[in-house]
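A.B. asks: Numbering-wise, this note's numbering comes out as the position in the sequence shown, counting from 1, plus 675. No residue lacks a Cβ here, since even glycine has one placed at the ideal position from N, Cα and C.
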Amino acid sequence: MAAQKALRFGGEKCTYFAACLKVVYRQIKLTHTESRQQYGDLMKRNNEYLSQLKERLSHYESKPDLLHREQTIADLLPRIKNAQIRQSYYVDLIFCAGVEL
Numbered sequence: 676m677a678a679q680k681a682l683r684f685g686g687e688k689c690t691y692f693a694a695c696l697k698v699v700y701r702q703i704k705l706t707h708t709e710s711r712q713q714y715g716d717l718m719k720r721n722n723e724y725l726s727q728l729k730e731r732l733s734h735y736e737s738k739p740d741l742l743h744r745e746q747t748i749a750d751l752l753p754r755i756k757n758a759q760i761r762q763s764y765y766v767d768l769i770f771c772a773g774v775e776l
């Protein structure tokens, strides 16, 4: 499943696949209910973080007179992409929690 999902993210394959491998070992140790709760909490926190990043991006894009505007926007874009990848990954984990590996 991780490899198929990684193919959808083009250049971000390694980031996504590494994230899959990192937590798969933890997932094995958790029960179905515990894992759903844990990944649900992580997804909520990541969603809040993603919203904050998008708000900052919107703020910098709408104000061309801000200092270090271009540098900040360039920094925010990959962070937003990574947060979106994590969000997709958590959704997959929640719906696939408890699946025998």
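Can you tell me whether L768 is helix, strand or coil according to DSSP?
C.D. replies: Working through the sequence shown from its first residue, we reach residue 768 at position 93. L768 falls in the helix class under three-state DSSP.
A.B. asks: Measure the C-alpha to C-alpha separation of N721 and L732 and round it to an integer number of angstroms.
C.D. replies: Reading the sequence shown from its first residue, position 46 is the one you call residue 721. Reading the sequence shown from its first residue, position 57 is the one you call residue 732. The alpha-carbon atoms of N721 and L732 are separated by roughly 16 Å.
A.B. asks: Could you tell me whether the region 758-772 touches the region 712-719, using the rule of 3 or more Cβ pairs below 8 Å?
C.D. replies: Segments in contact, yes.
A.B. asks: Measure the alpha-carbon distance for R761 versus D750 and round it to whole angstroms.
C.D. replies: Reading the sequence shown from its first residue, position 86 is the one you call residue 761. Reading the sequence shown from its first residue, position 75 is the one you call residue 750. If you take the alpha carbons of R761 and D750, they lie about 17 Å apart.
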